[in-house]
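Input: a single structure, listed below in structure tokens.
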Amino acid sequence: MLAGKADMIARLQQDILLLQGFKPAPVEQAGQGPLGLLGAAFPNGCFPVAAIHEFCCGGMEAAAATCGFIAGIVSALMKNGPALWISPAPGIYPPALKFFGIEPHRILFAEIAKEQHARWAMEEALKCGGLSAVVAEIREFSFTESRRFQLAVEHSDVTGFIVRHKPKNLATTAVTRWQVTPLAGSSTSLPGLGFPRWNVELLKVRNGKPGSWPIEWNRGRFRFVQQPAKLAPLPLRKIG
Amino acid sequence: MTKRFISIWFPYLSTDRYALRDPALHHTAFVLRAASHGRMLVTAANAIARSKGVYPGMALADARAFLPSLRAFDDQPGVNEKLLHRMAEWCIRFTPAAAVDLPDGIILDASGCAHLWGGEEAYLRGMLQRFSQKGFQAKMAMADTIGAAWAMARFGNQAIIRSGTHIEAIKPLPPAALRIDTATAERLHKLGLQQIADLLPMQRKALRRRFGPLIIQRINQAAGTEQEFMDPVIPAEPYQERLPCLEPVSRIEGIEIALQRLLASLCTRLSNEGKGLRAAVFRCYRIDGKMVETSIGTSSASANQSHLFRLFSLKLSALAPGPGIELFVLEAPKTEDYVAAQEPFWKGSATVKDQRIAELVDRIAGKTGKASIHRYLPDEHYWPERAVRKVSTLQEEPVTEWRLDRPRPLQVLPLPEPIDVTAPIPDYPPMLFRHRGKLHRVVRADGPERIEQEWWIQEGQHRDYYAVEDEQGCRYWLFRSGHYDAEKTYRWFIHGYFP
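Protein chains in written order, with our numbering: chain A, 5 to 244; chain B, 885 to 1383.
Printed below as a string of structure tokens:
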């Protein structure tokens, strides 16, 4: 009897999610896909594609970390088609995308200085079914515009990522809001930089559980950071 | 009805073309030259040079020996053909069928045309006058057959051969007038056959055995017993559609309807011919005599009406109709062969060549400028600024692999910014650095990676790159430009941010 009730609740929850625009994950993708690592935090147990994700950051270092994290997610999405990257000025260095498993020539770069035009281009791109993902560096957009973005992706199955530098307006319909900051330390005791690692905070997620995780990009996939090891000091010799 | 043909001969075609560009050449002897077997040969000489004994085919050095003031210019091969083609297209005003007769003539089929120009004399005179006004000396003849007209234009002195008398007229001409090769003409001359009249009574069988089948064909063609076909030029029709209006149009709805109609007919024509347009101009002629226009460009050839209309509709509001528009003209100045897009076999395996993406690129480029959207391909340079190449087409594929063996930052600064650094020597990474007033203490580092200047492109100092991490875990790409030296010409810079 109890099991029957749980079943019914789960089914009802599925229906509600479907009404809210979350499509159920294909069976083979559950727990896999982009960011399968954090599956439990998301509705339906998988990273919501065909949705808008918002990333807040301040400063160039955090922006680089955020773009790296997004590149890792986009690389998994780009099996379905090329991606568009909208930025106000040239900043991304394409050869580095290869380290995140992206063929850089499959990304279109749009440099649009005017925010109003960038938002227009974002909406046009989200309507274009041939793309798999759209990344835009837009600082501000209104609640209405975020709803237009959401309506566009529900038709086209494109996933949108918006990187916002020190945003003011936080009332948007984005499914998730993230903050990615660089993380100190290295998981190996070897000298040198090691894998890119970040502290990933999921500030807001609709129908999911927010949280904070230390994550690194390790040989082509995201992994949780192992406990940091002691680092041997650099052999330095001061002269003069 | 008897056929009438005109053969036009330009004895000084190449030199007239040069003299048009520089009128001073009309009064000097000059030739065109081309290298052949290690010497310079005269390929064309103007009338003054010819009167002094310079002929095409002679060595330029010989000509200069007796005419030291002779000027010479390089001959450009292929230009005469294009010029003759344009002239033949221009001649369509005289007759509907005009053909190029290489190397230096034009043939017109003038059957039934002359009476429109006031008789054959006036017809030819007008033609000759037009050519001389344009700066080309021409000689022409009109006859019942192409062969006879050709012979008379080059070797005779009679402009009009009356209908039916062409065989009589060409009889006194030399055999070279039959359009045979020079070797055969010389042999005939040696044998004492000085005139076409000498050839005509001969047995055809004997002529064929000695001189080949061509001479028989030429005699028959000149006499009119064998039909000769010409290959008339067909002028390229511009991709242009016009829509005149009875009443002036001044509302945006009216302009949109006009544009839709013009696009429909233009796209139908383009797709029937297997073409697509790359650029289009929409011109509106207003009743006050002014003209307003707007233009679009596409990233790949397109004949898709709705897509082109969307590109235009972004710009239509900028058209000022003023008191009203009475004529709409849509023109495609740039077209390309259109390769029909293949439907993807598996849905979802889209590439950058997808039609939908090409249309998206057009829309964004139409709104924010063509330079704003592009892709990057790897380029074979180590210098970081030159390691990628911007391309604006969606078709181009990379020829080399993207490199993975060196660390590269995800975010780069447009220009490296100078930083203050404390670094142990000789070649250790910095211990701390100050950038934009903030002090960073370096905890971990990789490097150095030395990248030399490509001296064949740019002079300057090499760079020693380090990837460093500070106490907060932020990662930077720093470099020292140049060696440590006594003059302190080296400097440190920050170039990018690792994720």
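The beta carbon of each residue, even a glycine, is placed where N, CA and C say it ideally should be.
For His57/A, no chain B residue has a Cβ inside 7 angstroms of its Cβ, as the nearest lies near 17 angstroms away. Under the 8 angstroms criterion on CB atoms, His109/A is classed as interfacial with respect to chain B.
In this chain, Asn1104/B is not harboured by any beta strand (DSSP E); it is covered by the alpha helix (DSSP H) spanning Pro1097 to Ala1107. When rounded, the separation of the alpha-carbon atoms in Glu1269/B and Leu1130/B is 59 angstroms.
The count of Cβ pairs closer than 8 angstroms, one atom from the stretch 174 to 188 of chain A and one from the stretch 44 to 58 of chain A, reaches three, so the stretches are in contact. Under the three-state reduction of DSSP output, Ser995/B falls in the coil class, being neither helix nor strand. A distance of 8 angstroms or more separates the beta carbons of Ala188/A and Glu1343/B. Here the stretch 1175 to 1191 of chain B lies against the stretch 1237 to 1251 of chain B, with 3 or more beta-carbon pairs under 8 angstroms apart. Residues of chain B with a Cβ closer than 9 angstroms to the Cβ of Leu197/A are, in chain order, Pro1291, Arg1328, Ala1329, Asp1330, Ala1351, Val1352, Glu1353, Arg1359 and Phe1382. One alpha carbon belongs to Lys966/B, the other to Gly164/A, and they sit about 54 angstroms apart. Counting of Cβ neighbours within 10 angstroms places Val1283/B among the exposed residues, the total staying below 16. Contact between the stretch 889 to 898 of chain B and the stretch 1017 to 1032 of chain B is present, with at least three C-beta pairs closer than 8 angstroms. Within the stretch 997 to 1029 of chain B, the complete alpha helix (DSSP H) segments at least 4 residues long are 1003 to 1017, listed from N- to C-terminus. Contact annotation, Phe1196/B with Thr1178/B: C-beta distance approximately 7 angstroms; criterion of less than 8 angstroms satisfied. By the Cβ-count criterion, Met12/A is exposed, with fewer than 16 other Cβ atoms from all chains shown falling within 10 Å of its own Cβ. Among the residues facing chain B, Ala67/A is included, as its CB has a counterpart in that chain under 8 angstroms away. Per DSSP, Lys1372/B has no beta bridge partner at all. For Gln1295/B, the secondary structure class from DSSP, reduced to helix, strand or coil, is strand.
Close partners of Trp182/A in chain B (Cβ separation under 7 angstroms) are lacking, with about 14 angstroms as the shortest Cβ gap.
Lys1174/B has no beta-bridge partner at all, per DSSP. Residue state for Ala1249/B is assigned as helix, using DSSP reduced to three classes. If you look at Ala947/B, you'll find it isn't in any beta strand (DSSP E); it sits in the alpha helix (DSSP H) that goes Leu944 to Phe950. Phe51/A places its beta carbon 8 angstroms or farther from that of Ser79/A. In the displayed model, Asp959/B falls within coil according to three-state DSSP, outside both helix and strand. Runs of beta strand (DSSP E) with 3 or more residues, each lying fully within the stretch 125 to 178 of chain A, are found at 137 to 141 and 163 to 169, listed in chain order. Annotated three-state conformation of Leu1062/B is helix, per DSSP. Note that the stretch 912 to 928 of chain B does not touch the stretch 1013 to 1025 of chain B; fewer than 3 beta-carbon pairs, one per stretch, sit closer than 8 angstroms. At a Cβ-Cβ threshold of 8 angstroms, Ala1053/B and Ile1064/B do not count as neighbours. For Ile1303/B, not one C-beta of chain A is nearer than 8 angstroms to its own C-beta.
Using a Cβ distance threshold of 8 angstroms, Pro1128/B and Glu1210/B count as a contacting pair. Only Lys118, His121, Ala122, Trp124, Ala125, Glu128, Ala129, Lys131, Cys132 and Gly133 from the stretch 118 to 133 of chain A bring a Cβ to less than 9 angstroms from some Cβ of chain B. Only exposed fits His999/B, as fewer than 16 other CB atoms lie within 10 angstroms of its CB. According to the DSSP assignment, Phe1196/B belongs to the alpha helix (DSSP H) that extends over Gln1189 to Ser1197. Below 8 angstroms, too few C-beta pairs join the stretch 126 to 142 of chain A and the stretch 1317 to 1336 of chain B to call them touching: fewer than three. Residues are counted here when their Cβ sits less than 8 angstroms from a Cβ of chain A; for the stretch 916 to 928 of chain B the count is zero. When DSSP assignments are scanned along the stretch 1290 to 1359 of chain B, the uninterrupted stretches of beta strand (DSSP E) that are 3 or more residues long and fall wholly within it turn out to be 1295 to 1302, 1304 to 1306, 1316 to 1319, 1322 to 1335 and 1347 to 1354.
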